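Notes to accompany the following structure.
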Amino acid sequence: MKILVCISNVPDTTSKINFKENNTQFDTTGVQFVINPNDEFGLTRAMWFKEKNGATVDVISVGDSSFDASLRKALAIGADAAYRIDYPALDGYSVASELAHAIKDKNYDLIIAGRESIDYNGGMVPGILAHVLGYEFINKCTSLSIDGTVVKAEREIDGGKELLTSSLPLVIGGQKGLVEEKDLKIPNMRGIMTARSKPLEVLAPQHTSALTKERSFDQPKTKSDITMIPADQLDQLIDHLHNDAKVI
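To convert, count from 1 in the sequence shown and add 983; that's the numbering used here.
And the structure:
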């Protein structure tokens, strides 16, 4: 079985976020980038298929050379080969189109993408990719097992979970549940050394134009100071809830 895991490079959630050019561009100065958590869950699940089913696992990204560190981490975790399409990740459509063009002849059985990236939360890439390639598609996937070409999966729906049966080839939008956080793999020294000899191929893009463009960004408003009200001042509490918070 051939598996491809799509990797996004996203800001660490502990990084301080700022914008520049009149709040029209994200300022990457001093920002630490990591593998998108939803993609990391998928990568760890792919490693399980490699260990249990003898699958081969490739990883791929759309971006500049700054993405190489995340791809090298994926190789250190156990991926067999890495590909980077040398093109900026402009929007979900352009990323999915670039991915589809690069892998259309590679005959992957399973493509694992995160259901969304934690920076822009677009959630478009896996669905568009499945449509362009003509693959089956399961989004918000929290459980996945494969027997031959038969797939059994579980996904989140409003108010509960849904059990599905599908077939390969398949694209999933994965998330927490494919594996738990405690099961995420951390590269060891042997993996890091081995990753140096594994291929990381830079692919030429087809220069897909974006269909959307960011107009501006706004940071959340600064939270107001907490007002402490003595326990015996019920009238003052009601006044604040009614006139200031406007919740009653």
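Heads up, the beta-carbon is just placed ideally off N, CA and C, and yes, glycines get one too. Model, not experiment: these values are computed from the prediction.
Supposed contact pair residue j and residue i - C-beta distance, whole angstroms, cut 8 Å
i: N1019; j: I1094; result: Contact flag wrong, Cβ pair sits at about 15 Å.
i: D1051; j: L1183; result: 7 Å
i: L1167; j: S1126; result: Rounded, the Cβ-Cβ distance is 16 Å, inconsistent with contact.
i: S1044; j: R1028; result: Not really, about 18 Å apart at Cβ, beyond 8 Å.
i: A1136; j: L1112; result: About 17 Å separates the two Cβ atoms, so there is no contact after all.
i: V1134; j: C989; result: With a Cβ gap of about 18 Å, V1134 and C989 do not count as contacting.
i: S1053; j: F1024; result: The pair is not a contact, with the Cβ atoms about 15 Å apart (cut-off 8 Å).
Distance between residue j and residue i (C-alpha atoms, nearest Å)
i: H1114; j: I1155; result: 12 Å
i: F1002; j: S1199; result: 9 Å
i: P1213; j: T996; result: 36 Å
i: D1069; j: V1185; result: 6 Å
i: V1078; j: K1035; result: 31 Å
i: N1005; j: S1080; result: 30 Å
i: D1063; j: L1224; result: 58 Å
i: D1088; j: V1230; result: 58 Å
i: H1190; j: I1129; result: 35 Å
Residues of its chain near residue i, where Cβ-Cβ distance is below 6 Å and the 5 sequence neighbours each way are ignored
i: D1092; result: M984, K985, L1151 and P1152
i: D1022; result: I990, S991 and G1097
i: R1055; result: A1178
Same chain only: Cβ atoms within 8 Å of residue i, ignoring 5 sequence neighbours per side
i: G1105; result: D1074, G1075 and E1099
i: T1012; result: N1001
i: G1037; result: M984
i: D1201; result: N1006
i: F1032; result: M984, I986, A1038, V1040, L1093 and I1129
For residue i, three-class secondary structure by DSSP
i: Y1076; result: helix
i: L1082; result: helix
i: I1043; result: strand
i: A1064; result: strand
i: P994; result: strand
i: T1011; result: coil
i: E1164; result: helix
i: R1028; result: helix
i: S1048; result: helix
i: T1148; result: strand
i: N1122; result: strand
Close beta carbons around residue i, own chain, < 7 Å, minus the five adjacent residues each side
i: P1071; result: G1046 and D1047
i: S1149; result: E1119, I1121, V1134 and A1136
i: K1159; result: F1024
Below 8 Å, can you find three or more Cβ-Cβ pairs linking the region 1168 to 1183 to the region 1132 to 1144? No, because fewer than three Cβ pairs between the region 1168 to 1183 and the region 1132 to 1144 fall closer than 8 Å, the two stretches do not touch.
Report yes or no: do three or more beta-carbon pairs, one from the region 1204 to 1224 and one from the region 1076 to 1084, lie closer than 8 Å? With a cut-off of 8 Å, the region 1076 to 1084 and the region 1204 to 1224 do not count as touching, because too few Cβ pairs lie within range.
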